[in-house]
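One structure is given here, and the rest of the page talks about it.
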Amino acid sequence: MNGEIEYSLRSKLRGLSSDPFDLDSRTGKLTVKEGLDYEEKQVYEIKVLAADKGAVSLSTHCNVVVKVEDVNDNQPEIEITSLSSRIPEDAPLGTVVALMGVTDLDSGPAHPRIISDGGGMLTEYTS
0 MNGEIEYSLR SKLRGLSSDP FDLDSRTGKL TVKEGLDYEE KQVYEIKVLA
50 ADKGAVSLST HCNVVVKVED VNDNQPEIEI TSLSSRIPED APLGTVVALM
100 GVTDLDSGPA HPRIISDGGG MLTEYTS
């Protein structure tokens with residue numbers, strides 16, 4: 000019995016854990032049990048307790064830090080703040096066609112761009 004180890008998760012709320020992780024009490028294998036969302040929480044700090052099953056149980060613990068990596072799971076949102084609906088065919092190069100803002104919940108910058116093919120066709124995209 001001394002050699003048998005039992006693993007458990009501990010949290011700051013009296014042993015209750017709402018983290019999206021599961022710990023196998025026999026093997027100590029820590030797995031994800033529900034979806035992670037970087038935009039909601041970037042870091043989880045998990046306290047793992049290991050105890051033997053001796054007559055006088057001895058235990059130890061460690062802190063596991065899980066850092067969630069962002070993935071591109073949110074589409075950018077474009078807000079047009081100013082738009083010219085009519086542009087003369089002899090408009091000089093550099094004429095402002097539209098002003099817009101782009102937001103993206105994913106980390107990293109979003110860059111709005113307007114491109115003209117020279118024939119009056121405009122294409123809007125972000126990268």
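Last residue of the sequence shown? That's 126 in numbering that gives the first Met the number 0, and every number before it is there in order.
Idealized CB from N, CA, C, for every residue including glycine.
{"query": "Reduced DSSP category for Ser84 - H, G, I as helix; E, B as strand; rest coil", "result": "coil"}
{"query": "Any 3 or more C-beta pairs closer than 8 Å across the stretch 89 to 100 and the stretch 47 to 60", "result": "no"}
{"query": "Spatial distance of Asn73 from Gly34 (CA atoms)", "result": "15 Å"}
{"query": "For Val70, the nearest candidate out of Pro87, Leu8, Asp36 (CA to CA)", "result": "Asp36"}
{"query": "Within-8 Å CB hit, Glu88 to chain C", "result": "This model lacks chain C altogether; it includes just one protein chain."}
{"query": "Limits of the beta strand (DSSP E) - the one that Asn62 falls within", "result": "58 to 66"}
{"query": "Reference Lys28; option with closest CA among Glu38, Tyr43, Val47, Gln41", "result": "Val47"}
{"query": "Nonlocal neighbours in the same chain, by C-beta distance under 8 Å from Thr26, ignoring five residues either side", "result": "Tyr6"}
{"query": "Identity of the residues DSSP links to Thr94 by a beta bridge", "result": "None; Thr94 has no bridge partner."}
{"query": "Beta strand (DSSP E) segment containing Tyr6, residue limits", "result": "4 to 9"}
{"query": "Tyr43 in three-state terms, based on DSSP", "result": "strand"}
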